[in-house]
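*Asks:* Count along the sequence shown starting at 1, add 29, and that's the number in the numbering used here.
No residue lacks a Cβ here, since even glycine has one placed at the ideal position from N, Cα and C.
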Amino acid sequence: MSSTYRRSGRTVLLASSAVLLSLVAGAALAQDTPPQADQPDVSDKAITTIIVKAERSKAAATAPTKASVDATQPQSIISRPYIDLVVPETGDFTNVAQIAPSVSGTQGNGAGYGDAKLVLRGFQDGEYNVTYDGIAYGDTNDPSHHSNTFFPASTIGALVVDRGPGMAGDLGQANFGGAIHMYSNKVTDDASFIQKLSYGSFNSYQAVSIFQTGEIANTGGLKALINLQTRKTDGALSHFGLKSDNWEFKIEKPFGDKWKLTVLATHNQNFSYQPDNDGATLAQVAQYGKDFYMSNDPSSPTYYKYNRILKNTAFAYAKLEGDLGGGWTLDDTVYTYFYSNKTLSALDVTGQTAPGTYGYAAGVNPLTSPAKPTLANGNPTALSGYDKFNYYDVNGNILRVNKQFSFGTLKMGALAETSDTLRHRFDYQINPNDPYDTSIKDYREKNCVTAETVGTTNVKCNPDDRSVQYDERSWWTQYQLFADFIWTPTDNLTITPGLKNIQFTRNLAGKIKAKPTLSYISTPQAETFRKTLPFLTVNYKLQKNWSLYGQYAQGFLVPPLKDLYVNDISQNTVEPEQTTNYQFGSVYNGSHVSLDADIYQIDFKNKFACNNVYCYNQGAVTYKGIEGQAAYAFDMGLTVFANASLNSAKSNDTHLTIGQAPKSTLGFGGIYRNGPVKAALTFKQVGEQWAADGQPADYKIKAYDNVDLSLSYDFGQRYTAKIQVDNLLDSRNITKISVNGAPYDQYYFQAPTNAMLTLSAKF
């Protein structure tokens, strides 16, 4: 397609969108029926209160993001009506959160069709918390996340982006970077059944069935919600197909007027064709285009059948909450979650490792020779692959006890959590006749010696271990004790000091460690970290709908599992990351206007950096910026909104921007709701950034933007049709670069324009 034609097409699309908005605005001016305010679609008392208070004005109620006048840190509240109308049906929490200021991230295979990572103020995934119904979850080697493996958008009743560490009672491993809080859907008092069917670009299909039992007779108020989802897609990228199934149920049972038990469980399974380390090189892009991902060529490591991933996850909790009397309340939650990843992947899909470079020269016995592998066994076209397995389960308990006084509220409690993880990576020779055959070992990992010294212990070598990069078990135990006191000396002033004490112990054991140069573990290795963190927030109401707030807090993050990949743990010098957060802001919610803005600075020291051998502390970084979001609601159903941020994340040593930290974000658009008609046009731009630290010219990523359109029509009270167009202007810019060294760097692009039609019925 010529650039002239592309510009012409964009002009037509942009003009069409402008006409659409003009028609919507005209319809708004011609009508005087006010829109219905968004209602909380969650059961959690805390977030219900937050949403109700935040949406007291028309502007805040209809805006895609808003903040509460009770806020003590910058926040963006996103409720279910926005998710239903604007967020792609196949999306996940990253698609919901992307509209907020200082948040960036894309999915090159289409919404929900791959594992996306969000960046929040320059903090990477694993440097902020992600929670579901107040429970922080994440990987066990570091607290990172897999966006499409636990909670699809259909299971999210509301989402809050907290751009700050919160109070002491906000629990998780990475509070300093902020948090993405998801909340499950509300269990309703009335019975209903909703069926949604979606079909769209890339041969994508999704079905969602939602059952609400309502209060079941003769059960004392028992009610339940069941959410079933299945989807399948070929994906925007070549041969990157996905099959996914998810179910979730939630039960609520009151005991009298003062106690309630909530039980929730969910399971998700994804199967996809994708390499372990994905992304296309510039050479592949030049030859095959920006949609290249894998091929149908069995002689190439990019052959899709050599690269496949099966993931299973589950998440469950039981929460008992109630009134103890005398101003005391209790909330106790027992929870568990697990993650399983079974991957078969070609060794290298970039071309850096040429075929035939696995194994040993002909005539060499790999079990007796100490030589490193250099040439395939008489087969210069042979390909290498590996079998990677990662399984973990986490179990925990969160206890919260509150005491109400006339002058404030004491909130205190504790978290106790344990994990158990099994991981391995075994190298093998790919069998073109049977891609699932992993029986032929590839001895590429280690030289074989008769003995190796680990500390003061000699450990004999098993020659078969040369096909094992790692085979290990790890586990950790953490305790967090917290107390906050919400002091209200006057009706307008709230001061909340808090303290949190953290103790975290990580253990590692296994036959083989994760690096060839380290090889063998004779005894389990362990590290324990302790820290007490202070918190202080202030909220002052100038008027009942206008407030000022300030926040001071310290943050703490233990080193990742890689920190234990050393021969002598006593020589380990990696320190935990530590931060000091300062934030100030203001929130105003008028009848037609909602505004909030903030400034922040985060002093960050001991930032982690990890290479292929070990981790280290690379120094200090200062994060600072300004953020704001605004909305104006007309009386006739139209709400226009805008949000923006200017963000800086620079090394204190070089004064240069760190990698993958956009310098700005910008969002704006309009949402129209009137009678049966709903429409939304949204724009989001992510500012320039660099793929690596130090602003290297070769890794500069220019600003990119995305325009999305959604149109919905209700046919009476029961049926709805909706069409969504993502990336309306077909922007195909670079969004990320994985730095491997030119020419083997891997590039990621925006997904092309895609559309989806959804039909739903409610009974």
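(1) Should W357 go down as buried or exposed, given a rule of 16 or more other Cβ atoms within 10 Å for buried?
(2) Taking contact to mean 3 or more Cβ pairs, one atom from each stretch, closer than 8 Å, check whether the segment 301-315 and the segment 226-242 are in contact.
(3) Where DSSP assigns a beta bridge to D456, which residues make up the other side?
(4) In the DSSP assignment, the beta strand (DSSP E) including V314 goes from what residue to what residue?
(5) Helix, strand or coil for T19? Go by DSSP, reduced to three states.
(6) Is A90 helix, strand or coil by DSSP?
(7) In whole angstroms, give me the CA-to-CA distance for A375 and R495.
(8) Confirm the yes/no value for this check: CB of R502, any heavy atom of the ligand SAH, distance under 7 Å.
(9) Got a sec? Which residues, its chain only, sit under 7 Å from P772 by beta carbon, not counting five neighbours each side?
(10) Kindly identify the DSSP beta-bridge partner or partners of F367.
(11) Could you give the residue range of the alpha helix (DSSP H) that holds I112?
(12) Within the continuous beta strand (DSSP E) that includes A649, where are the two ends?
(13) State the Cα-Cα distance for the pair K713 and P705, rounded to the nearest angstrom.
(14) Would DSSP call T382 helix, strand or coil?
(15) Below 8 Å on the Cβ atoms is my guess for G195 versus Q136; work out the distance and round it to an integer in Å.
(16) From L49 to D755, what does the alpha carbon distance come to, in whole angstroms?
(17) Pop quiz: Q554 and L593 are said to be a contact at Cβ under 8 Å. What is the actual Cβ separation, rounded to whole angstroms?
(18) Any idea if A621 is buried or exposed, counting beta-carbon neighbours within 10 angstroms, 16 or more meaning buried?
(19) Taking DSSP's pairing of strands, which residues face R502 in a bridge?
(20) Can you tell me whether Y701 is helix, strand or coil according to DSSP?
(21) For G648, which residues in the same chain have their Cβ closer than 7 Å to its Cβ, ignoring the five residues on either side in sequence?
(22) If I follow the unbroken alpha helix (DSSP H) through N232, where does it start and stop?
(23) F278 lies in the beta strand (DSSP E); which residues open and close that run?
(24) For R747, is the classification buried or exposed, using 16 other Cβ atoms within 10 angstroms of its Cβ as the cut-off for buried?
(25) Reducing DSSP to helix, strand and coil, say where T479 ends up.
(26) So for S620, helix, strand or coil by DSSP?
(27) Using only the alpha-carbon positions, how far apart do Y728 and I128 sit?
(28) For D627, which of helix, strand or coil comes out of DSSP?
(29) Could you check if D199 is buried or exposed, using at least 16 other CB atoms within 10 Å of its CB as the buried criterion?
(30) Which residues bound the beta strand (DSSP E) around V216?
(31) Which one of L339, A96, A92 and A90 has the shortest CA to CA distance from V616?
(32) Taking the Cβ atom as the reference point for each residue, do G654 and N676 lie within a distance shorter than 8 Å?
(33) If you draw a straight line from the alpha carbon of A140 to that of Y777, how long is it in whole angstroms?
(34) Do you know how far the Cα of Q498 is from the Cα of P545?
(35) Ignoring anything shorter than 3 residues or poking outside the segment 670-752, list the beta strand (DSSP E) runs there in chain order.
(36) Rounded to the nearest angstrom, what separates R502 and K272 at their Cα positions?
*Replies:* The short version:
(1) On the sequence shown, residue 357 is found 328 positions in, with the first residue counted as 1. Result: exposed.
(2) In short, these stretches do not touch, since the Cβ pair count stays below three.
(3) The residue labelled residue 456 in the question sits at position 427 within the sequence shown. Looking at the DSSP assignment, D456 forms a beta bridge with Y415.
(4) Against the sequence shown, residue 314 aligns to sequence position 285. For V314, no beta strand (DSSP E) segment is defined; the enclosing uninterrupted segment is the alpha helix (DSSP H) at L311 to Y317.
(5) This structure cannot speak to residue 19, because the chain is shown only from 30 to 792.
(6) Counting from one through the sequence shown, the residue named residue 90 turns up at place 61. DSSP places A90 in helix when its eight states are reduced to three.
(7) Residue numbering aside, residue 375 sits at position 346 when the sequence shown is read from its first letter. Residue numbering aside, residue 495 sits at position 466 when the sequence shown is read from its first letter. Taking the straight line from one Cα to the other gives about 18 Å.
(8) As presented, the structure is devoid of all ligands, the ligand SAH included, so that no description of it is given.
(9) Numbered from its first residue, the sequence shown carries residue 772 at position 743. Same-chain partners within the cutoff: T310, L311 and A312.
(10) What you label residue 367 is simply residue 338 of the sequence shown in a count that begins at 1. Beta-bridge pairing links F367 to A343 and D422.
(11) Taking the first residue of the sequence shown as position 1, residue 112 is located at position 83. Looking at the DSSP string, the run of the alpha helix (DSSP H) that includes I112 is R109 to L114.
(12) Counting from 1 along the sequence shown, the entry for residue 649 is found at position 620. Note, A649: premise wrong, no beta strand (DSSP E); not H, not E.
(13) Translated into positions along the sequence shown, residue 713 becomes position 684. Translated into positions along the sequence shown, residue 705 becomes position 676. C-alpha separation (whole angstroms): 27 Å.
(14) Working through the sequence shown from its first residue, we reach residue 382 at position 353. Coil.
(15) Translated into the one-based positions of the sequence shown, residue 195 becomes position 166. Translated into the one-based positions of the sequence shown, residue 136 becomes position 107. That belief does not hold up - the Cβ atoms of G195 and Q136 are roughly 28 Å apart, past 8 Å.
(16) Sequence index remark: in the sequence shown, residue 49 carries index 20 (1-based). Sequence index remark: in the sequence shown, residue 755 carries index 726 (1-based). With a pLDDT of 33 at L49, under the threshold of 50, the predicted position of this residue should be treated as unreliable, though the coordinate-derived value follows. Take the alpha-carbon of L49 and the one of D755: they are about 16 Å apart.
(17) As a working mapping, residue 554 is identified with position 525 in the sequence shown. As a working mapping, residue 593 is identified with position 564 in the sequence shown. Rounded, the Cβ-Cβ distance is 5 Å, consistent with contact.
(18) Numbered from its first residue, the sequence shown carries residue 621 at position 592. For the record, residue 621 in the displayed sequence is His; it is not Ala. Under this definition H621 is an exposed residue.
(19) Along the sequence shown, read from residue 1 onward, the residue named residue 502 stands at position 473. According to DSSP, which records beta bridges pairwise, R502 is partnered with L451 and A538.
(20) Here the question's residue 701 lines up with position 672 in the sequence shown. In this structure, Y701 counts as strand in the three-state DSSP scheme.
(21) The count along the sequence shown starts at 1 and reaches residue 648 at position 619. If we look at G648 and ignore the five residues flanking it on each side, its Cβ neighbours are K636, S680, N681 and D682.
(22) For this step, residue 232 is matched to residue 203 along the sequence shown. Careful: N232 lies outside any alpha helix (DSSP H) and carries neither H nor E.
(23) Position 249 of the sequence shown holds residue 278. Here the beta strand (DSSP E) through F278 covers L271 to F284.
(24) Position 718 of the sequence shown, counting from 1, holds the residue named residue 747. Exposed.
(25) Within the sequence shown, numbered from 1, the residue matching residue 479 stands at position 450. The predicted model places T479 with a pLDDT of 46, which falls under 50 and marks its position as unreliable; any figure quoted below should be read in that light. In the structure shown, T479 sits in coil (DSSP, three-state: anything other than H, G, I, E or B).
(26) Counting from 1 along the sequence shown, the entry for residue 620 is found at position 591. The answer is coil: DSSP assigns S620 none of H, G, I, E or B.
(27) Here residue 728 corresponds to residue number 699 of the sequence shown, with the count starting at 1. Here residue 128 corresponds to residue number 99 of the sequence shown, with the count starting at 1. Taking the straight line from one Cα to the other gives about 25 Å.
(28) The residue you call residue 627 lines up with position 598 of the sequence shown. The answer is strand: DSSP assigns D627 an E or B state.
(29) Stepping through the sequence shown from its first residue, residue 199 is reached at position 170. With 16 or more Cβ atoms within 10 Å of its Cβ, D199 is classed as buried.
(30) The residue you call residue 216 lines up with position 187 of the sequence shown. Taken as a continuous stretch (DSSP letters only), V216 belongs to no beta strand (DSSP E), as it is neither H nor E.
(31) Position 587 of the sequence shown, counted from the first residue, corresponds to residue 616. When only C-alpha atoms are compared, the closest one is A96.
(32) Stepping through the sequence shown from its first residue, residue 654 is reached at position 625. Stepping through the sequence shown from its first residue, residue 676 is reached at position 647. In this structure, N676 lies closer than 8 Å to G654 by Cβ.
(33) By one-based count along the sequence shown, residue 140 stands at place 111. By one-based count along the sequence shown, residue 777 stands at place 748. Those two C-alpha atoms are separated by around 14 Å.
(34) Sequence index remark: in the sequence shown, residue 545 carries index 516 (1-based). Sequence index remark: in the sequence shown, residue 498 carries index 469 (1-based). Confidence is the limiting factor: at P545 the pLDDT is only 46, short of 50, which leaves the residue's position unreliable and the question unanswerable from this model.
(35) 693-703, 706-715 and 733-744
(36) Numbered from 1 along the sequence shown, position 473 holds the residue referred to as residue 502. Numbered from 1 along the sequence shown, position 243 holds the residue referred to as residue 272. Roughly 30 Å separates the two Cα atoms.
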